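Visitor: In our numbering, the protein residues as written are 323 to 580.
Just so you know, even glycine gets a beta-carbon here, dropped at the ideal spot from N, CA and C.
Everything numeric in this text was worked out from a predicted model, so none of it was measured.
First the structure, then my questions, so here it is.
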Amino acid sequence: FLERGASLKHIAKEASAYADELTMRVSYDRAGTNAGWVAWLSEQFGFRKPRVARLATKISPLEFAQRVIAEPGRAKLLALKDTDNAAFFSADQLDRSWKWSQIFALETMELPDRARIEVQRRGESQRRQFDHLSAGQQRSVLLGLLLCAQRNEPLVLDQPEDHLDGQYIASSVVGHLEAAKERRQILIATHSANLTVLGDAELVVPMIVDGGKGRPDEPGAVDRPQTRNQVCALLEGGVAAYRRRGERYGLSFVREEA
Numbered sequence: 323f324l325e326r327g328a329s330l331k332h333i334a335k336e337a338s339a340y341a342d343e344l345t346m347r348v349s350y351d352r353a354g355t356n357a358g359w360v361a362w363l364s365e366q367f368g369f370r371k372p373r374v375a376r377l378a379t380k381i382s383p384l385e386f387a388q389r390v391i392a393e394p395g396r397a398k399l400l401a402l403k404d405t406d407n408a409a410f411f412s413a414d415q416l417d418r419s420w421k422w423s424q425i426f427a428l429e430t431m432e433l434p435d436r437a438r439i440e441v442q443r444r445g446e447s448q449r450r451q452f453d454h455l456s457a458g459q460q461r462s463v464l465l466g467l468l469l470c471a472q473r474n475e476p477l478v479l480d481q482p483e484d485h486l487d488g489q490y491i492a493s494s495v496v497g498h499l500e501a502a503k504e505r506r507q508i509l510i511a512t513h514s515a516n517l518t519v520l521g522d523a524e525l526v527v528p529m530i531v532d533g534g535k536g537r538p539d540e541p542g543a544v545d546r547p548q549t550r551n552q553v554c555a556l557l558e559g560g561v562a563a564y565r566r567r568g569e570r571y572g573l574s575f576v577r578e579e580a
């Protein structure tokens, strides 16, 4: 648990360092994933939400198994009360749950640790919980953390922009890609100009249709003129379309002299 926590802190620190405007924090709640325990309590005693969720945080499966067998543990179980001061258990309920098969199941029930991820924009005082982010933002944050893992196997991504938040791609994922490509090979099939151009790809392979089949056309680095022209045509719709969009955004372009 401690080794995992230290490793996650290192990954989150690196992820934040390469993410423009974002700070990520990752922590673990020991035995924080208690869905199995909640399900057992609901099935055994008929508890409903949110009552069963409150009970599950008050006592663990192992503690219940140890206490239900005999006094003084049973008295402690009977003394457990909810927020309305009503007891969770009756003596009859505990008697019915006292079976060696149940005790064994509780003693061996595994409660996985629960990861807790928070994201904070630089300049903002509030942290946002991972659960409160949009689906696209969640995937972008997770991809950033995965890219910061100390791994060296090749990584293949198929159109990741389909499931990522556009703003987070530019402010977070691109920086992670630049750092990750120094220690592992990354292959991406994408229609995203941000990933291709801002990610500083070492090799770009534009694909075109020829005779009903795909083939590469002018592969090379982004700063190679022939490759750059193909990238602009495929990802931006061409120079004219790129300029028109920029003008709509209120941007100005300086025309380079030939």
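Three-state secondary structure (DSSP) at Asp435?
Guide: Reduced to three states, the DSSP call for Asp435 is coil.
Visitor: For Lys380, I'd like the list of residues in its chain whose CB is within less than 7 Å of its CB, leaving aside the five on either flank, ordered along the chain.
Guide: If we look at Lys380 and ignore the five residues flanking it on each side, its Cβ neighbours are Leu402.
Visitor: Where does Leu363 land, buried or exposed, given buried means 16+ other C-beta within 10 angstroms?
Guide: Buried, since its Cβ has 16 or more Cβ neighbours within 10 Å.
Visitor: What are the partner residues of Gly536, as DSSP defines its beta bridges?
Guide: Partner(s): Val531.
Visitor: Got a sec? Which residues, its chain only, sit under 8 Å from Gly395 by beta carbon, not counting five neighbours each side?
Guide: These residues qualify, in order along the chain: Gln388 and Arg389.
Visitor: Please classify Gly521 as buried or exposed, where buried requires at least 16 other C-beta atoms within 10 Å of its C-beta.
Guide: That one is buried.
Visitor: Going by DSSP, name the residue or residues bridged to Asn511.
Guide: Per the sequence shown, the amino acid found at residue 511 is Ala instead of Asn. Beta-bridge pairing links Ala511 to Asp480.
Visitor: Tell me which residue opens and which closes the alpha helix (DSSP H) that Val561 is part of.
Guide: Val561 -> alpha helix (DSSP H) spans Val561 to Arg570.
Visitor: Tell me whether Trp359 is buried or exposed, calling it buried when 16 or more other Cβ atoms sit within 10 Å of its Cβ.
Guide: Trp359 should be labelled buried.
Visitor: What do you get for His498, buried or exposed, if any count of 16 or more other CB atoms within 10 angstroms of its CB means buried?
Guide: Counting Cβ neighbours within 10 Å, His498 comes out buried, since at least 16 surround it.
Visitor: Tell me which residue opens and which closes the alpha helix (DSSP H) that Arg389 is part of.
Guide: Where Arg389 is concerned, the enclosing alpha helix (DSSP H) stretches over Pro383 to Val390.
Visitor: Ends of the alpha helix (DSSP H) at Ser364?
Guide: Ala357 to Phe367 is the span of the alpha helix (DSSP H), which, as asked, contains Ser364.
Visitor: So, with DSSP's three-state summary, where would you put Gln459?
Guide: In the structure shown, Gln459 sits in a helix (DSSP, three-state: H, G or I).
Visitor: Once you ignore the five residues that flank Cys554 on each side, which residues in its own chain have a CB closer than 8 Å to its CB?
Guide: Contacts found: Gly560, Val561 and Tyr564.
Visitor: Within 10 angstroms of its Cβ, does Thr518 collect 16 or more other Cβ (buried), or is it exposed?
Guide: Buried, since its Cβ has 16 or more Cβ neighbours within 10 Å.
Visitor: Have a look at Lys371 and Leu428 and give me their C-alpha separation to the nearest angstrom.
Guide: Each residue's Cα considered, the two are about 21 Å apart.
Visitor: Taking the CB atoms as reference points, tell me whether Tyr584 and Asp435 lie closer together than 7 Å.
Guide: With the chain represented from 323 up to 580, any question about residue 584 goes unanswered, as that position is not in the structure.
Visitor: Which of the three DSSP states is assigned to Gln472 in this structure?
Guide: Gln472 falls in the coil class under three-state DSSP.
Visitor: Report yes if the C-beta distance between His485 and Arg450 is below 7 Å; otherwise report no.
Guide: No, they are not a contact pair.
Visitor: Over the uninterrupted beta strand (DSSP E) stretch that includes Asp581, give me the two end residues.
Guide: In the structure as shown, the chain begins at 323 and stops at 580. Residue 581 is therefore absent and cannot be evaluated.
Visitor: Is the beta carbon of Leu509 closer than 7 Å to that of Val544?
Guide: For Val544 and Leu509, no; Cβs fall outside 7 Å.
Visitor: Going straight from the alpha carbon of Glu524 to that of Ala353, what length do you get?
Guide: Answer to the nearest angstrom: the Cα atoms are 43 Å apart.
Visitor: If we count the other Cβ atoms within 10 Å of its Cβ and call it buried at 16 or more, is Thr549 buried or exposed?
Guide: Burial call: buried.
Visitor: DSSP three-state label for Ala408, please.
Guide: Correct three-state label for Ala408: coil.
Visitor: Grab the span of the alpha helix (DSSP H) containing His498 for me, first residue to last.
Guide: Residues Val496 to Ala502.
Visitor: What's the C-alpha gap between Val374 and Lys503?
Guide: If you take the alpha carbons of Val374 and Lys503, they lie about 47 Å apart.
Visitor: Here's a check: name, in chain order, each residue in its chain whose Cβ is nearer than 6 Å to the Cβ of Phe369, leaving out the five neighbours to either side.
Guide: Within the same chain, Phe369 has close Cβ partners Leu363.
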